[in-house]
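Protein chains in written order, with the numbering used here: chain A, 1 to 416; chain B, 417 to 832.
Following this line, the structure appears as structure tokens:
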């Protein structure tokens, strides 16, 4: 067994941090099973307590009783815009630039296609190798559809920006990397991209709700994001789209469904896109998904995002310190500088899958991403400092009592 | 006041029909407010009683407690395929050809793009003028994206089939017309289309759940459809996609999201589509929408679809007879032949909007489609024969007590 260095930190220090945490009362707004330590809110956020009742009300009263009339009387039809405004406040977007609709994947396609239209003489779509898969795949699908004149260029993180040139139509990057938690500097990356005349699209899936984001201030062009991670909108909740005001007059996305039409209920034969961000809509809004999302957004908007970020960074820092002191078996898969890290920390280990399974068996839930990443997400609204301590203690215990080079773990890993 | 001809039918005959209706017990499975006559199930189906509890269970237990683990343990990830199988049974599609995902609009885009890829030397996408707007718009959006070599040709209903030629890649028609209820003959239209080497896509939004549909038997190529009308899946419920088995090996749709990948959780950089119908998926499934849909599909599958169609046709026939006998003010906007009609009847009147408002004020809910269509949908699972009688009586009363050429009604109409 590896010799452990004596702990410099102890549990009481973490208890004290919880006592002094001004965000601590938010935890009570969430439905969390006794004994569960949930470090996977970066993948699927926790259920807000108010969600079930609100969705039930939408089902029983709005759908069940008011039926078709609810499209207007309960604003089902206006909900994408209304929720867009709420998301806008979380991403530093003034009203009229954000809308909630479809999935992040579908929205990437819409915006990438619109970007190519806005930069018609350029051929390159640039992104990062190892980006979240759907970002890569949607660009590839679009390029294949459009033919030889459009090329997707995926490069390692440190080569992306040098590749942006006068033939680049779009750069698509995920603000916080899904696996490593590495965060791009939004201001400088946007600036470098735009200096070449290219458009910048941010995928905010792994940052929205975990930190203040300032799209307008950073002069972003386009953005998409997921609402079921840090935003707690629920599994498969509708995603969002942002298009900067200055682009809306030329914005033209190809998924020209009836709800993106200037006058959807005229049912005329020819498409005429809405002039505002509503043109990013396509089909009928997911009413139940929107209902759950609204509760979650209101809850998130009740928190001070600067405070959320401070707690998140502090938690990340403490977790890394604990791991470095107590868990010599792991490599750190995330940046140590809190300014370059989102709200998650990845540890790597060849038997990562089996180790995460052992942790989950103790009701401590993080997740695993192939080939060797154990991911731990820090969600300041409902995570306690003691949870970090307890998680690392469990890891120490697991790693000390099992030999992680034995064949059964290698076999288990292969199940992934 | 117009002189009315004496009624040949009376309410007791309708009561008797209800007493002898073997589908009548199904009504109790739905949540219907006392006194409401709902003739708009062709637009938004009624809430099944079991839905609220099931969705609540999915929210509180699956999301709230089991959290991220539910993607596997509660089959959230497999749900699109599972629900696709259930939809498949309603549309005459053998397993492995149908999947539930996204909206009808998004799915039209996927399949139309795939069709063009399967017919690379052909330039025409043919559809009907006055088709449901989103069908027209999506083809237009796709054609605009692809450039001059793809042309959308929309023609009046009686000219569509003559236009199909050896340069036609795809014919997209809505099986039952959203406004008139006119139904295409699936077998012959599919055959005529395919005789020219073109692919046939059916939009089943206004027929699925109202009648037996036999996609496989009629050799259909592609289909999409909505689940929140006759299927009662809930407002904005996820839609479905059908691709005939014989096309799956060449099927390539451009919205290549991570869940259409052969191995989504490998997170590799290059897209490799799943070999089956799963390739039609794009982003993360809408779990709450799928939960509500599953209850509705199970309920629909418990009914005999041939019986549903018989009752639907009978209701349509009786409604038309009553209107013809008692309501001389209206023109019939639907085919009289029940074999050429879906499960709705449209009446036209210049003051249609105001008349429908007056009807709705009496808790009899149909809907209005510009410029002059009053739509009445017949949903055999929860509609009673007496509802038809009462609806027509109310119409007689409304039409007899107001003068529908007065300026206030013309003004009201303009509000539409």
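From the three backbone atoms N, C-alpha and C, an ideal C-beta is built for every residue, glycine too. Since this is a predicted model, take the numbers as computed values, not measurements.
Asked, Found
"Here's the rule: buried if 16 or more other CB atoms are within 10 angstroms of the residue's CB, otherwise exposed. What is residue 301 of chain A?", "exposed"
"Name the residues in the region 551-574 of chain B whose C-beta lies less than 8 Å from a C-beta of chain A; which are they?", "552, 553, 554, 556, 557, 558, 560, 561, 562 and 570"
"Applying a beta-carbon distance threshold of less than 9 Å, which residues of chain A neighbour residue 770 of chain B?", "Going along chain A, no residue has its Cβ under 9 Å from residue 770 of chain B, so there is no contact; the nearest lies around 16 Å."
"Which class does residue 136 of chain A belong to by DSSP, given the choice of helix, strand or coil?", "helix"
"Compare the C-alpha of residue 556 of chain B against each of A/354, A/271 and A/249 and name the closest.", "A/271"
"So, residue 678 of chain B versus residue 690 of chain B, is the Cβ gap smaller than 8 Å?", "yes"
"In the DSSP assignment, find the unbroken alpha helix (DSSP H) run with residue 84 of chain A in it and report its ends.", "79-90"
"Can you find the residues in the same chain that come closer than 7 Å, C-beta to C-beta, to residue 424 of chain B, ignoring five residues on each side of it along the sequence?", "741"
"Nearest chain A C-beta to residue 807 of chain B closer than 8 Å, yes or no?", "no"
"Note down, in chain order, every chain A residue with its Cβ under 7 Å from the Cβ of residue 412 of chain B.", "Missing from the structure shown is residue 412 of chain B; chain B here goes from 417 to 832 and no further."
"Can you find at least 3 beta carbon pairs, one from the region 212-228 of chain A and one from the region 75-94 of chain A, that sit closer than 8 Å?", "yes"
"Let me know the secondary structure DSSP gives residue 202 of chain A once reduced to three states.", "strand"
"According to DSSP, is residue 124 of chain A helix, strand or coil?", "strand"
"How many angstroms separate the CA atom of residue 773 of chain B from the CA atom of residue 476 of chain B?", "39 Å"
"Mind checking whether the beta-carbon of residue 308 of chain A lies closer than 7 Å to any heavy atom of the ligand MG?", "Ligands in the displayed structure: none, and consequently the ligand MG is not present."
"How about the region 637-651 of chain B and the region 513-533 of chain B: do they share at least three Cβ pairs that are nearer than 8 Å?", "yes"
"Using the beta-carbon count (16 or more within 10 Å), is residue 545 of chain B buried or exposed?", "exposed"
"For residue 285 of chain A, which residues in chain B fall below 7 Å Cβ to Cβ?", "652"
"What does DSSP give as the partner residues of residue 223 of chain A in its beta bridges?", "A/202 and A/242"
"DSSP three-state call for residue 697 of chain B: helix, strand or coil?", "coil"
"Taking the beta strand (DSSP E) that residue 761 of chain B belongs to, which residues open and close that run?", "760-764"
"Assign residue 650 of chain B to one of two classes, buried (16 or more other C-beta atoms within 10 Å of its C-beta) or exposed (fewer than that).", "buried"
"For residue 43 of chain A versus residue 377 of chain A, is the C-beta distance shorter than 8 Å?", "yes"
"Assign residue 633 of chain B to buried or exposed, taking buried as 16 or more other Cβ atoms, counted over all protein chains shown, within 10 Å of its Cβ.", "exposed"
"Hey, would you say residue 448 of chain B sits closer than 8 Å to residue 106 of chain A, going by beta carbons?", "no"
"Where does residue 416 of chain A fall in DSSP's three states?", "Note on residue 416 of chain A: pLDDT 34, under 50, position unreliable in the model; the coordinate value appears next. DSSP places residue 416 of chain A in coil when its eight states are reduced to three."
"With a 10 Å radius around its C-beta and 16 neighbouring C-beta atoms as the bar for buried, classify residue 565 of chain B as buried or exposed.", "exposed"
"So, for residue 814 of chain B: in the same chain, excluding its five sequence neighbours on each side, which residues have a beta-carbon less than 7 Å away from its beta-carbon?", "771, 774 and 775"
"Starting from the Cα of residue 491 of chain B, find the closest Cα among B/782, B/781, B/700 and B/784 and give me that residue.", "B/700"
"What's the C-alpha gap between residue 404 of chain A and residue 351 of chain A?", "7 Å"
"Can you find a C-beta in chain B that's less than 8 Å from the C-beta of residue 56 of chain A?", "yes"
"Report the start-end ranges of each alpha helix (DSSP H) in the region 331-396 of chain A that is 4 residues or longer and not cut off at the edges.", "352-361"
"If you follow the beta strand (DSSP E) that residue 567 of chain B is in, where does it begin and where does it stop?", "567-571"
"Would DSSP call residue 605 of chain B helix, strand or coil?", "helix"
"Would you say residue 169 of chain A and residue 244 of chain A are within 8 Å of each other, going by their C-beta atoms?", "no"
"For residue 369 of chain A and chain B, any beta-carbon pair shorter than 8 Å?", "yes"
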